[in-house]
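In this text, residue positions in the sequence shown follow the working numbering: the first is 1499, and each later residue adds one. Worksheet for the structure shown next.
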Amino acid sequence: MISALFNRRSLILVVAFIAAVGIAAIQNLPRAEDPTIKARSAAITTLYPGADAQRVEALLSQPIEEEVRTLEQVDSVSSVSRAGVSIVSIVLKDEITETAPVWSRVRDLLSDLEGTLPDDASTPDLDDEGGYAYTVAVAVKWDAPSPANQIFLQRYGDELGDRLRSIPGTDHVEVHGSLPEIIRVDIDQQSIRAAGLTLEDVARTLAQADVRGSAGNVANAQTTMTVELTGAFDSLSRLRSVPLISAGGETLSLGDVATLTRTTSDPPSVVTTHNGVTAVIVGSRMQLGQRVDLWVPQVLAAVEEFRARQADGIAVEVIFEQASYTTDRLTSVLVTLLQGLLIVVAVLILTMGIRSAISVGITIPLVALLTLGVFPFVGLELHQMSIVGIIVALGLMVDNAIIMTNDIRDDLAHGESFAQAATGAIRKLFFPLLASTTTTMLAFSPIVMAPGAGGEFVGPMAFAVLCALFSSFVISMFIVPALSPILFKEGPRASETTGRYDWLKNGVELPNLARRFRGIVGFFLHRPRLALAASFLIPLIGFVALPTIPTAFFPATDRDQFRIEVRMAQASSIYASAQIVKRIDQAIREEEGVAEVLATVGAASPQLYYNAQSSESQNPAFADLVIDTDSDADTARLVPLLQQKLSDQFPEASIAVIQYGFGPPLATPVEMRIIGTEFETLAQLGVEAASILANIDGVVGARAAVHRDAAKIEVDVNEVATARAGLSLGDVARQLDNALIGQAGGFVLEETEQLPVLVRFPEDQRDSIADVESISLTPPSRVSQSGVPLSSIGSVRIVPAWVDLQRLDGERIQVVSSFVAKGYDSSVILAEFQSELEEQGFQLPPGYRIEWGGEAEARGDAITQLLSQVAILLVIAVTILVLVFNSFRRMLIVAGSGVIAIGFGFFALFVSGHDFAFLIIVGVMGLIGVGINDTIVVISALDEDEEARTGDPDAIRDVVTGSVARHVWSTTITTAGGFIPLALFPGEFWPPFAQTFAGGLLGLTVIAFIYTPAAYLLAVRARHRSREHPISPAKTVPAT
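Here it is, written out as structure tokens:
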């Protein structure tokens, strides 16, 4: 074994193999900006034209909810019911990783349910493609002085979409801003009334004239031929020529009584502009497992080819591509890794000398390459989290190598041969280093095992740390001993130093400082109980200060992009909303630093950032804008500036300027859910709570979702007058629906395009209450050829209507929510909101309750999921420690070091002034591993010294301030030094984590030099006392 280690050919081959594996991984690993968070949500959209929110809830949302909730994989089901549309959102349980079979089952359930839904409702549409950001987005824009031709744009967008779908590695392509094409037949009321016809007559005639089915076949002994009628609708001229027979028997053509137009659905469900110009957006998403830097250029080449043959009046512009963001992010993180590596190597030279630094320094690239080589086998990709995992492990990965190098050098200095020194080091350190490595890995394991979006985001970082620690153990056990004959000399002279450059051989030595250090350690060892109290003092301050630290989930990201949500009065039409958004767009582009503005009215914009998810659709009072800036600094400046400017300029709209953030998707950071039974009560409570929330500093866009601010037209029909006119209430409702919304009249088939024919009255004859009152109703018996005006059988008035009736898991809810202005903490605002509710006497009626959502709920769920893995791992760690040390006392010493590490982490967080974010928890768990590791190293060294094992304070001091001190100082400074570039990294994400971790690391020296020696001494004395005073067997009392 040892001879194989010292064979240089074998060493070269092993190193070459590790390098080849690592380089191959770098070439082949998928690359991304951030980890992929599994999309476990989908939305079911069902249209019900003409139905108010209450009917939609009762007839669509509730039945769909009840059907979907029968699936055991479903975690929650929520719904929003508004006039004419039901949106049911499904969230799967965190443990579900394969979602496709679940969505297939949902589609089966919807298919079974469809027959029980109202006839006028559309087929429920399940959209499970949300949740993932597009890799490339292309705007196809109108570029001509004439009004935009929506159909022309859509055709080009569809053609580009087809081209992008053909590119290998493409997962999904969708055209946003596209509207259904229709043939609109606008019937003139006076003309058909004069002809004694109704709108239903015209629509029925058109449907019967559109013959597409087979008319049979002719078969004989020689052949079989189908019979087919000519005359299928294939053009507008064919439609215009369709004959209509008047009540008097005269023949008219459709063109005589109607205007035919090829157009898109009106009113549109969505309006999209780019820099104020009408556009459709073609979004293309790359398959998972691809290299974004290789796939995106293929897409851009296809777009450039498409642009070269575009028609006049059409502009094609790439508005987003992920490759540049990924390259910039990985480059900045890799630079940080290189800076950390240089700092670590410099520290090693200063603390250990140049030869030992080379021995340890060589392990760093080898460990990094081996770690990358492991990535493909565990499913890790190259992104900022996995690379930062290697940065986090920089100091930890040299820990084992430092211990091995120091031990071999010490043995060589005592006259042992290379073979003896290597064998002795491996035999002596294998199990202690295995135990310390394993316990450190266990400290990071809950992060890897945590289910849900939070675990999926930070898990890769912890997984990378585990891979690095495993690689470090392997390299330290087998490569470091093999390097010793190359770097060191046998015999006592190996450690002798002479001359002015002595520090290059054994590191910097500071005799005066070392003497004081020995004195401090000796002082506490002679007062071990005082040492324990002193060790817990600062951690205790950390625990006490923790409740005063504001909590957070994940911070905002530095990005040259942000978004704006705009909400108008719910009664607003999409045209009114589009006009306001046009003015907002202009106001935004006036600001310096704004590069592009993508605006979508009626639905959420295409998803261009991984956690910017929104289920908003079919909402004419909603708009979503994505703003690209010239730099990250411009984003930071513009977010508060535009929030103030737009809120002042457009008081008729509720505007929230939102900076993108890290972590899982989150609808709003502050959210209160009121659960109850009556929407009237829920609306009142929501308005009251929202008004309290809106008056808190830092709150943006406070709103109550359920309210009655919309309007609807109510027709109070006189049933007696209606019956006398030969009509039923059903006849009235059906004819009004056909007049205002329209009635299908067949299809026009153009190649593969099938365009529905919609028959209805022109817009100027159905856009006011007077128009509604004048609609002529014809009884089925045709007793009145001229028809009966609606006003003669009923009265028409405007009444309030419900908006966004919401349900969650079968219960009615009111959601009060808000965004948070830049520079404010959501946890502070939530606490103030709760306090204000109590002070102002906000009370719920019996049977109603409150649940808190938003960032507080997401953070609490993530922490619960993280800690749910701790118990089993704690048992494993305790078992390992007991087996390695064969002592419960030593195990308790190690456990105490973990508690101290937690306290030091909280103290470092308190001093740094950062929020207690989710990533800080990850850092604290890492500190636990480092603290335990230091304790194991110290205990192992003390157990190797005969005098220290007897409990001699001076012997313990000599061990701790000797080789142990060199190891602890080296590992602590190298690990903390490796975090310096990360602590200075731009933004709000990594610096709090790095500063807390590095600050806690410096505090952990107390564990190694004060707590562990003192606890060890007390444990040895306790063991001696138990041996001096053995427990006497219990005496039995004679029976009386």
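Here a beta-carbon is modelled for each residue, glycine too, at the ideal position from N, C-alpha and C. Remember, it's a predicted structure, so these values are computed and weren't measured experimentally.
Which word fits GLY2429, buried or exposed, when buried means at least 16 other C-beta atoms lie within 10 angstroms of its C-beta? buried
Evaluate contact between the region 2298-2312 and the region 2192-2211, counting only Cβ atoms and requiring at least three cross-stretch pairs below 8 Å. yes
Could you give the uninterrupted runs of the alpha helix (DSSP H) lying entirely in the region 2232-2312, keeping only those of 4 residues or more? 2267-2271
Quick check: is the beta carbon of GLY2497 nearer than 8 Å to any beta carbon in chain B? Of the chains in the structure shown, none is chain B; there is only one protein chain.
Backbone secondary structure at PRO1643 - three-state DSSP: coil
Of the residues ALA2481, SER1735, VAL1604, ASP1573, the one placed nearest ASP1592, counting alpha carbons only: ASP1573
For the beta strand (DSSP E) holding PRO1741, just list the boundary residues, first then last. 1741-1743
Which residues in the same chain as VAL1725 place their Cβ atom closer than 8 Å to its Cβ, once the five residues preceding and following it in sequence are excluded? SER1712, ALA1713, GLY1714, ASN1715, VAL1716
What's the call for LEU1835, buried or exposed, on a 16-neighbour Cβ count within 10 Å? buried
Drop a sphere of 10 angstroms on the beta-carbon of GLU2217, count the other beta-carbons inside from all chains shown, and report buried for 16 or more, exposed for fewer. exposed
Does the count of Cβ pairs from the region 1970-1985 and the region 1891-1900 closer than 8 Å reach three? yes
If you draw a straight line from the alpha carbon of PRO1645 to that of ILE1812, how long is it in whole angstroms? 12 Å
Under the rule that 16 or more other beta-carbon atoms within 10 Å means buried, what is VAL2458, buried or exposed? buried
Just to confirm before moving on: does the CB-CB distance between ALA2512 and PHE2022 stay below 8 Å? yes
Can you give the beta carbon distance from ARG2357 to ARG2521, rounded, assuming they're within the 8 Å contact cut? With 8 Å as the limit, ARG2357 and ARG2521 do not qualify as a contact, their Cβ atoms being about 44 Å apart.
Considering Cα atoms alone, identify which of PRO1930, ARG1827, LEU1624 is closest to ARG1603. LEU1624
Residues in the same chain with beta-carbon distance under 6 Å from ASP1909, minus the five sequence neighbours each way, listed in chain order, please. ALA1919, GLY1922
With distances taken between CB atoms, is the gap from VAL1769 to SER1751 smaller than 8 Å? no
Judging by CA-CA distance, which residue of TYR2322, PRO2254, ALA2223 is the nearest neighbour of SER2274? ALA2223
ARG1580 and ALA1619: beta carbons closer than 8 Å? no
By DSSP, does PHE1504 sit in helix, in strand, or in coil? helix
Where does GLY2396 land, buried or exposed, given buried means 16+ other C-beta within 10 angstroms? buried
CA-CA distance, THR2473 and ARG2065? 49 Å
Going by CA-CA distance only, name the one from LEU2365, GLY2401, SER2410 that's closest to ILE1945. LEU2365
Determine which residues share a DSSP beta bridge with PHE1928 and list them. DSSP lists no partner for PHE1928.
Under three-state DSSP, which class holds GLN2142? helix
Measuring straight from C-alpha to C-alpha, what distance separates ASN2384 and THR2377? 10 Å
6 Å CB neighbourhood of ALA2551 in its chain, flanking five on each side removed: Not covered by the structure: residue 2551. The range shown for the chain is 1499 to 2538.
Nearest neighbour of VAL1586, chosen from GLU2114, SER2461, ALA2074, GLY1838 [CA to CA]: GLU2114
Could you say if the region 2050-2066 and the region 2120-2127 meet the contact criterion of at least three C-beta pairs nearer than 8 Å? yes
To the nearest whole angstrom, what separates the beta carbons of LEU1981 and ILE1860, a pair I think is in contact under 8 Å? 7 Å
I need the DSSP call for PHE2120, collapsed to helix, strand or coil. strand
Are ALA2360 and GLY1950 touching if we call contact CB-CB under 8 Å? yes
Excluding sequence positions up to five away, which residues of its chain have a Cβ less than 7 Å from the Cβ of VAL2281? Because the pLDDT at VAL2281 is just 46, under 50, the model does not fix this residue reliably, and the value given afterwards should be weighed accordingly. Cβ within range, chain order: GLY2224.
Note down the Cα distance separating HIS1912 from PHE1986, rounded to an integer number of angstroms. 13 Å
Identify which residue in VAL2409, ASP1532, ILE2426 has its Cα closest to the Cα of ALA2043. VAL2409
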